[in-house]
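In this note's numbering, the protein residues as written are 64 to 340. Below is one structure; the comments refer to it alone.
Quick look at the structure:
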């Protein structure tokens, strides 16, 4: 009877969590966010022959920006993004300021636009804006701001698993917040998510990338494009991600709880059998 009751409780709890999750997912996730996220391609190599334009308007083969012995920090974005991209670059500016490594000397930073309508002039304005935020502006020497045609953009985002959607009504893009780390040979070694990056994590990811070591992502919290909340005058994350984590935590807690009850019942049964004998 006890087992039956316990099973009923667990079944109801799981169904409740699943039902709530499905309902929330269907009600809260906008169509624009469907299919948006990161498909990690650890161990894959990006196509090094893709042609982009620098912020100076010069055509460049992306592989020519890589240098021997220097890891690459790759940042997909679009420069005129009214929401998340500025927060991501601000996070990069802050962590690069903290790093002892300098772009151009110990590492290479590549930001590239996912919007084929953006040109070198737009990239140059973005570069001037964000490089000026660096406490040591010499750290902007090896930070490239690229634009490209749709075919090159598609090839690069597909190679790193960066999945986004264009919102036709506004011309904006729904996209995740993530940066990638590449070895000097273009091997994808690590992903970091969010809008703030810990110096220790970034330094370790860069160190791994130098030798082409592939690091596992322990915490994979994909943050979708933030939405502006006029009431709080701030950016708020899409609620579905928090709900997913809460559901997962609930299931883990239930699993631990069930395991403890099962062990307790097993011990009681063993004690009863011993007493009978």
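The C-beta atom is built at its ideal place from N, Cα and C for all residues, glycine as well.
Helix, strand or coil for residue i? Go by DSSP, reduced to three states.
i: residue 235; result: strand
i: residue 105; result: coil
i: residue 189; result: helix
i: residue 245; result: strand
i: residue 277; result: coil
i: residue 133; result: coil
i: residue 119; result: coil
i: residue 329; result: helix
i: residue 181; result: coil
i: residue 211; result: coil
i: residue 261; result: coil
How many whole angstroms separate the CB atoms of residue i and residue j, which I take to be in contact at a CB cut-off of 8 Å?
i: residue 234; j: residue 129; result: Contact flag wrong, Cβ pair sits at about 32 Å.
i: residue 236; j: residue 177; result: 6 Å
i: residue 272; j: residue 134; result: 3 Å
i: residue 99; j: residue 238; result: 6 Å
i: residue 136; j: residue 258; result: That pair is no contact at about 15 Å.
i: residue 266; j: residue 197; result: In fact, because the Cβ distance is near 17 Å, the residues do not count as touching under 8 Å.
Determine the direct distance from the alpha carbon of residue j to that of residue i, and round the result to whole angstroms.
i: residue 318; j: residue 331; result: 20 Å
i: residue 126; j: residue 270; result: 20 Å
i: residue 148; j: residue 131; result: 29 Å
i: residue 111; j: residue 221; result: 13 Å
i: residue 158; j: residue 247; result: 21 Å
i: residue 106; j: residue 183; result: 31 Å
i: residue 188; j: residue 102; result: 31 Å
i: residue 143; j: residue 275; result: 33 Å
i: residue 254; j: residue 329; result: 44 Å
i: residue 170; j: residue 268; result: 12 Å
i: residue 261; j: residue 119; result: 31 Å
i: residue 181; j: residue 216; result: 12 Å
i: residue 114; j: residue 321; result: 56 Å
i: residue 208; j: residue 195; result: 14 Å
i: residue 193; j: residue 160; result: 12 Å
i: residue 179; j: residue 201; result: 29 Å
Determine which residues share a DSSP beta bridge with residue i and list them.
i: residue 100; result: 226
i: residue 114; result: 124
i: residue 139; result: 175
i: residue 145; result: None; residue 145 has no bridge partner.
i: residue 166; result: 170
i: residue 194; result: Its beta-bridge partners do not exist; DSSP assigns none.
i: residue 256; result: 241
i: residue 206; result: 172
i: residue 250; result: 108
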